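Asks: Chains as they are written, first to last, in the numbering used here: chain A, 1 to 265; chain B, 266 to 530.
Positions of the beta carbon are idealized from the N, C-alpha and C atoms, including for glycine.
All of these numbers come straight from a predicted model, not from anything done at the bench.
Mind having a look at this structure? Questions to follow.
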C-alpha cells in the first residue's frame with residue numbers, strides 16, 4: 001500500500017510560514033504536494049476563476065519530500081486544479097493553512113483557508129482547515145503537533161460526504177498543551193458561532209485628490225449559544241467544528257410555506 | 266412614513282441588463298439605490314477586499330429615480346460599503362441580480378449574486394438573490410413580475426435574522442406564467458440541492474509557449490432529495506430557497522464526539 005497522498009493549500013500564499021509549518025507537520029503521515037496561491041489571497045470567500053487562465057509554477061520550497069506549485073488563482077482554484085490536472089492520483093486528504101489568524105464566526109464565510117478545504121470536500125476528498133489565533137505567529141510548533149494529530153485521525157476515520165473540519169488553535173506556548181490535554185480535555189467539539197465585526201470604512205483622499213474607502217473594524221462580541229468556535233478558542237482550547245455547505249435554512253421553511261406565495265388560490 | 270429604501274447589487278456588473286431589469290421591477294416598491302461592481306465579478310464567492318482601497322463612482326444609469334454607483338470591489342464589498350458609508354439610512358431591503366444564469370446546487374457556494382444577499386443578511390437587512398435561468402437573457406419581463414411580487418412580500422413580512430431567500434426563475438415566455446400560477450402553483454419552496462459540475466481543465470499553450478489552464482465543465486445531474494432548487498427550476502417553476510450561513514454540520518457532531526480526540530483519558 002502506498003503512503004497517503006496529502007494535498008496542502010492555504011490563503012496566505014506560497015511563501016507563508018504557516019504553509020511550511022503544515023508541510024512539516026504532514027510529512028510523517030504521507031506524500032506531500034503543495035498547490036498554493038502565488039500571492040496572498042485572504043478573505044477570498046469561495047471564489048473560483050472562470051474568466052481568466054490559470055498559471056502554475058513548480059516551486060522549490062527547499063523542503064525534502066515536498067513537491068510544490070504556486071498558482072495564479074484563489075485557494076479554491078488551487079485545490080480544484082491540483083486534483084483535476086496536476087496530481088498523479090486522487091489525494092487521500094486535503095489540508096489548508098496553517099492560517100495566520102483564527103477563522104471563527106462570520107469570518108468562516110469570508111475565509112480562503114476554509115474555502116480550500118470546502119473545495120476539497122466538494123471534490124469528494126476528506127478535508128481540514130487549520131488556523132492559528134496568532135498576531136505575530138512566531139511559534140507554529142504546538143499547532144503542528146495538533147494538526148498532525150487531527151489529520152492522522154481523519155486519515156484513519158474518514159469524514160462523511162459533504163463534511164469538513166474547521167480547526168482553530170489558540171496561540172499558546174507548547175508547554176500549555178501537555179500531551180495529556182491533547183488526548184482529552186484540550187480539544188472541544190464546537191459549533192460555527194456568530195461572532196462578527198463592527199466594521200467601518202475609512203474615507204480617505206489619495207495624492208491625486210480622489211476619494212477611496214478602506215475597510216476597517218474590530219471584532220464584536222455577540223451573545224452566543226454555548227460551545228462556539230470563538231468562545232472555545234478564547235478559553236484556550238482547540239476548537240474543532242464540523243462544517244457542511246448545505247445552506248438550506250430548514251428552521252424557516254415551515255413559516256415560509258405559509259406565505260401567500262405558496263397558497264393555491 | 267417614507268418609502269422603503271431598497272439597495273440593489275449584482276455580480277454581472279453595473280452595465281448588466283439584469284441589473285436594469287431589477288431596478289425597473291423595484292421602483293414601484295420604494296426608493297432605489299444601486300451599488301454594483303464596475304466590472305463583472307461572477308464566481309467571486311463571499312470575497313471581500315481587505316488589502317486594497319475601494320473606489321466608488323457615481324454612475325448615470327439613465328433611469329429616472331435610480332441613484333447608482335459603480336464600485337471597484339466584489340458584490341459583498343458593494344453591499345457592505347453602501348450600507349456603512351454611502352446610503353443616507355439603513356436600507357429596508359437588499360436585492361441582488363437579476364443574475365444572467367441560475368444559481369442552484371453547488372453554484373450557490375460560488376455565486377457572487379447570492380454573496381451580495383448574504384452580506385445584506387450579515388448586516389441585518391432582509392435580502393433576496395434573484396437569478397434567471399437564461400442563456401441569451403433576452404426577456405427579463407416575467408422575471409421582473411416575479412421579483413417584484415417576492416420583494417413586496419419580504420418588505421411586508423420581513424425575514425428572520427440570518428436568513429435570506431435565493432430565488433431562481435425559469436426562462437419562459439411571459440404567457441407561461443399566468444397570474445393564477447404566480448399566486449399559487451407557480452412557486453415552489455425548495456432546499457439547496459447538490460447539483461454540481463463535471464469540471465475539468467483545458468491545458469493550453471499561449472503564444473509565448475507558456476502553459477496555462479482554463480476551467481471548463483458541464484453540469485452533472487446527481488441523484489437528489491426531492492424539492493431541490495435545480496429540480497424545481499427544470500420543472501418550469503420558480504424556486505425559492507431559504508438560506509442561512511450557519512455552516513455547522515450538526516448531523517456529524519454526534520459521531521465526531523466519539524472520536525478519541527474528545528475522550529478524557
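Suppose contacts are defined by Cβ-Cβ distances below 8 Å. Is residue 271 of chain B in contact with residue 397 of chain B by that definition?
Replies: Residue numbering aside, residue 271 of chain B sits at position 6 when the second chain is read from its first letter. Residue numbering aside, residue 397 of chain B sits at position 132 when the second chain is read from its first letter. Cβ atoms of residue 271 of chain B and residue 397 of chain B: not closer than 8 Å.
Asks: Consult DSSP for residue 180 of chain A and reduce its assignment to one of helix, strand or coil.
Replies: Position 180 of the first chain holds residue 180 of chain A. Note that residue 180 of chain A scores 49 on pLDDT, short of 50, meaning its location in the model is unreliable and no value can be drawn from it.
Asks: Return the CA-CA distance between residue 118 of chain A and residue 329 of chain B, expressed in angstroms with no decimal places.
Replies: Sequence index remark: in the first chain, residue 118 of chain A carries index 118 (1-based). Sequence index remark: in the second chain, residue 329 of chain B carries index 64 (1-based). For residue 118 of chain A and residue 329 of chain B, the distance between alpha carbons rounds to 43 Å.
Asks: Residues bridged to residue 486 of chain B by DSSP?
Replies: By 1-based counting over the second chain, the position of residue 486 of chain B is 221. None; residue 486 of chain B has no bridge partner.
Asks: Please state whether DSSP places residue 133 of chain A in a helix, a strand or coil.
Replies: What you label residue 133 of chain A is simply residue 133 of the first chain in a count that begins at 1. Note: residue 133 of chain A maps to strand in three-state DSSP.
Asks: So with Cβ pairs under 8 Å, would you call residue 473 of chain B a contact of chain A?
Replies: Residue mapping note: residue 473 of chain B aligns to position 208 of the second chain, counting from 1. It does not; no Cβ of chain A falls within 8 Å.
Asks: Quick one: what does DSSP say residue 305 of chain B is sitting in, helix, strand or coil?
Replies: As a working note, residue 305 of chain B is residue 40 in the second chain. Coil, per DSSP.
Asks: Leaving aside the five residues before and after residue 225 of chain A along the sequence, list all residues of the same chain whose C-beta is less than 7 Å from its C-beta, in chain order.
Replies: Start at 1 with the first residue of the first chain, and residue 225 of chain A comes out as number 225. Cβ within range, chain order: 191.
Asks: In the DSSP assignment, find the beta strand (DSSP E) that holds residue 322 of chain B and state where it starts and stops.
Replies: By 1-based counting over the second chain, the position of residue 322 of chain B is 57. Unbroken beta strand (DSSP E) run through residue 322 of chain B: 321 to 324.
Asks: Whole angstroms is fine: what's the gap from residue 32 of chain A's alpha carbon to residue 237 of chain A's?
Replies: In the first chain, residue 32 of chain A corresponds to position 32, counting from 1. In the first chain, residue 237 of chain A corresponds to position 237, counting from 1. So the alpha carbons of these two residues sit roughly 28 Å apart.
Asks: Taking C-beta to C-beta, are residue 26 of chain A and residue 8 of chain A nearer than 8 Å?
Replies: Reading the first chain from its first residue, position 26 is the one you call residue 26 of chain A. Reading the first chain from its first residue, position 8 is the one you call residue 8 of chain A. It is a contact, given that the beta carbons lie within the stated cut-off.
Asks: Spatial neighbours of residue 435 of chain B within its chain, please: C-beta separation below 6 Å, excluding the five flanking residues on both sides.
Replies: As a position in the second chain, residue 435 of chain B is number 170, starting the count at 1. These residues qualify, in order along the chain: 398, 498, 501.
Asks: Hey, out of A/104, A/47, A/86, whose CA is closest to residue 467 of chain B's CA?
Replies: The residue you call residue 467 of chain B lines up with position 202 of the second chain. Comparing Cα positions, the closest option is A/86.
Asks: Going by C-alpha distance, which of A/163, A/108, A/250, A/137 is nearest residue 196 of chain A?
Replies: Mapped onto the first chain, residue 196 of chain A falls at position 196. It is A/108 whose Cα lies nearest to the Cα of residue 196 of chain A.
Asks: Whose CA, out of B/470, B/463, B/494, lies closest to the CA of residue 482 of chain B?
Replies: Position 217 of the second chain, counted from the first residue, corresponds to residue 482 of chain B. When only C-alpha atoms are compared, the closest one is B/463.
Asks: Leaving out five residues before and five after residue 419 of chain B in sequence, what residues of the same chain have Cβ atoms less than 8 Å from its Cβ?
Replies: Translated into positions along the second chain, residue 419 of chain B becomes position 154. If we look at residue 419 of chain B and ignore the five residues flanking it on each side, its Cβ neighbours are 358, 391, 393, 430.
Asks: Hey, how far is the Cα of residue 505 of chain B from the Cα of residue 440 of chain B?
Replies: Mapped onto the second chain, residue 505 of chain B falls at position 240. Mapped onto the second chain, residue 440 of chain B falls at position 175. Whole-angstrom Cα-Cα distance: 21 Å.
Asks: List, in chain order, every chain A residue whose beta-carbon is nearer than 7 Å to that of residue 349 of chain B.
Replies: For the purposes of this step, residue 349 of chain B is taken as residue 84 along the second chain, with counting starting at 1. 199, 200, 201, listed in chain order.
Asks: Exposed or buried, what is residue 204 of chain A when buried is set at 16 or more other beta-carbons lying within 10 Å of its beta-carbon?
Replies: One-based indexing of the first chain puts residue 204 of chain A at position 204. Classification of residue 204 of chain A: exposed, given that the 10 Å Cβ count is below 16.
Asks: As an exercise, report each continuous alpha helix (DSSP H) stretch of at least 4 residues that is fully enclosed by the stretch 480 to 524 of chain B, in chain order.
Replies: Correct list: 494 to 499, 515 to 522.
Asks: Could you tell me how far apart the beta carbons of residue 334 of chain B and residue 321 of chain B are, in whole angstroms, since I believe they sit closer than 8 Å?
Replies: The count along the second chain starts at 1 and reaches residue 334 of chain B at position 69. The count along the second chain starts at 1 and reaches residue 321 of chain B at position 56. The Cβ separation is near 5 Å, so the contact holds.
Asks: Answer yes or no: do residue 112 of chain A and residue 20 of chain A have a C-beta to C-beta separation smaller than 8 Å?
Replies: Along the first chain, one-based indexing puts residue 112 of chain A at 112. Along the first chain, one-based indexing puts residue 20 of chain A at 20. No, they are not a contact pair.
Asks: Roughly how many angstroms separate the alpha carbons of residue 340 of chain B and residue 528 of chain B, rounded to a whole number?
Replies: To locate residue 340 of chain B, count along the second chain from 1; it is residue 75. To locate residue 528 of chain B, count along the second chain from 1; it is residue 263. Between residue 340 of chain B and residue 528 of chain B, the C-alpha separation is close to 44 Å.
Asks: Taking the beta carbon of residue 453 of chain B as the centre, do at least 16 other beta carbons fall within 10 Å, making it buried, or is it exposed?
Replies: The residue given as residue 453 of chain B occupies position 188 in the second chain. The residue in question, residue 453 of chain B, is buried, as its Cβ has 16 or more Cβ neighbours within 10 Å.
Asks: What are the boundary residues of the alpha helix (DSSP H) that includes residue 342 of chain B?
Replies: The residue given as residue 342 of chain B occupies position 77 in the second chain. Unbroken alpha helix (DSSP H) run through residue 342 of chain B: 340 to 346.
Asks: Contact check, residue 18 of chain A vs residue 97 of chain A under 8 Å by CB: the rounded distance?
Replies: Here residue 18 of chain A is taken as the residue at index 18 of the first chain, counted from 1. Here residue 97 of chain A is taken as the residue at index 97 of the first chain, counted from 1. About 6 Å; that satisfies the 8 Å criterion.
Asks: Is residue 454 of chain B helix, strand or coil when you go by DSSP?
Replies: In the second chain, the residue the question calls residue 454 of chain B occupies position 189. It is a strand residue.
Asks: Whose CA, out of A/88, A/89, A/102, A/43, lies closest to the CA of residue 338 of chain B?
Replies: Position 73 of the second chain holds residue 338 of chain B. For residue 338 of chain B, the nearest C-alpha among the options comes from A/43.
Asks: Start and end of the beta strand (DSSP E) containing residue 70 of chain A?
Replies: As a first step, residue 70 of chain A must be located in the first chain, where it is residue number 70. Taken as a continuous stretch (DSSP letters only), the beta strand (DSSP E) holding residue 70 of chain A covers 66 to 71.
Asks: Quick check on the DSSP output: the alpha helix (DSSP H) that includes residue 380 of chain B runs from which residue to which?
Replies: As a working mapping, residue 380 of chain B is identified with position 115 in the second chain. Unbroken alpha helix (DSSP H) run through residue 380 of chain B: 377 to 387.
Asks: So, is residue 207 of chain A buried or exposed, given that buried needs 16 or more other C-beta atoms within 10 angstroms?
Replies: Residue mapping note: residue 207 of chain A aligns to position 207 of the first chain, counting from 1. Label assigned to residue 207 of chain A: exposed.
Asks: What does the Cβ neighbour count give for residue 331 of chain B, buried or exposed, with the cut at 16 atoms within 10 Å?
Replies: Residue mapping note: residue 331 of chain B aligns to position 66 of the second chain, counting from 1. The residue in question, residue 331 of chain B, is buried, as its Cβ has 16 or more Cβ neighbours within 10 Å.
Asks: Along the chain, where does the beta strand (DSSP E) containing residue 428 of chain B start, and where does it finish?
Replies: The residue you call residue 428 of chain B lines up with position 163 of the second chain. From DSSP, the beta strand (DSSP E) with residue 428 of chain B extends over 428 to 435.
Asks: Hey, is residue 234 of chain A close to the ligand ATP, as in C-beta under 7 Å from one of its heavy atoms?
Replies: The model on display carries no ligand, and the ligand ATP is accordingly not part of it.
Asks: Quick check on residue 365 of chain B - is its C-beta less than 8 Å from some C-beta in chain A?
Replies: Taking the second chain and counting its residues from 1, one reaches residue 365 of chain B at position 100. With 8 Å as the cut-off, residue 365 of chain B does not count as an interface residue toward chain A.
Asks: Relative to the C-alpha of residue 251 of chain A, which residue among B/294, B/521, B/512, B/507 is closest?
Replies: The sequence position of residue 251 of chain A within the first chain is 251, counting from 1. Of the listed residues, the one whose Cα sits closest to residue 251 of chain A is B/507.
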